[in-house]
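Here is the structure we will look at.
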Amino acid sequence: MEIKDRRKSERNEYGTPITIYQMKSPERYYYGIIDNYGQGGMHIKTTGLIKEGTPVVVRLNRYEEDGKGLEEHEEYFGSVTWGRELEESDTGYRFGYGVEYDDALRY
Numbered sequence: 546m547e548i549k550d551r552r553k554s555e556r557n558e559y560g561t562p563i564t565i566y567q568m569k570s571p572e573r574y575y576y577g578i579i580d581n582y583g584q585g586g587m588h589i590k591t592t593g594l595i596k597e598g599t600p601v602v603v604r605l606n607r608y609e610e611d612g613k614g615l616e617e618h619e620e621y622f623g624s625v626t627w628g629r630e631l632e633e634s635d636t637g638y639r640f641g642y643g644v645e646y647d648d649a650l651r652y
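Terminal number for the sequence shown in my numbering: 652, no gaps in between.
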């Protein structure tokens, strides 16, 4: 079965380490990576379970003040729009999530 790509913008492969925080419970955070990103959001892989609709902050662990592209910002605010358990367990990340930016025009 072919899965239709519903993305509105081009995706850029990435792979930088992140920490993702749940905005209503900042003590609940997980480590992960940004798998890819586009104008409206990003796909991340992480170690923890997060419910769809949860407002989150994605913080780049290797932020560079003079960075270009995604590195222009240290943090990204958004909401988890979908999630699934990953089949490839050898990466150390158990879950994949789509995160939609709160303000897509900023990014």
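The beta-carbon is built from N, C-alpha and C at its ideal position, and this holds for glycine as well. Quantities reported herein were computed from a predicted structural model and do not represent experimental measurements.
Taking C-beta separations shorter than 6 Å and ignoring five residues to either side along the sequence, the partners of ILE579 in its chain run TYR559, THR561, ILE563, MET587 and ILE589, following chain order.
Residue pairing of LYS590 in beta bridges, as defined by DSSP: ILE578 and GLY641. In the DSSP assignment, GLU558 forms a beta bridge with ASN581. Close CB contacts of GLY577 within its chain, under the 7 Å cut and outside five residues either way in sequence, are with ILE563, ILE565, ILE589, LYS590, THR591, THR592 and TYR638 (chain order).
Secondary structure at THR564: strand, using DSSP grouped into helix, strand and coil. Each residue's CA atom was taken as its position, placing GLU633 and LEU594 some 16 Å apart.
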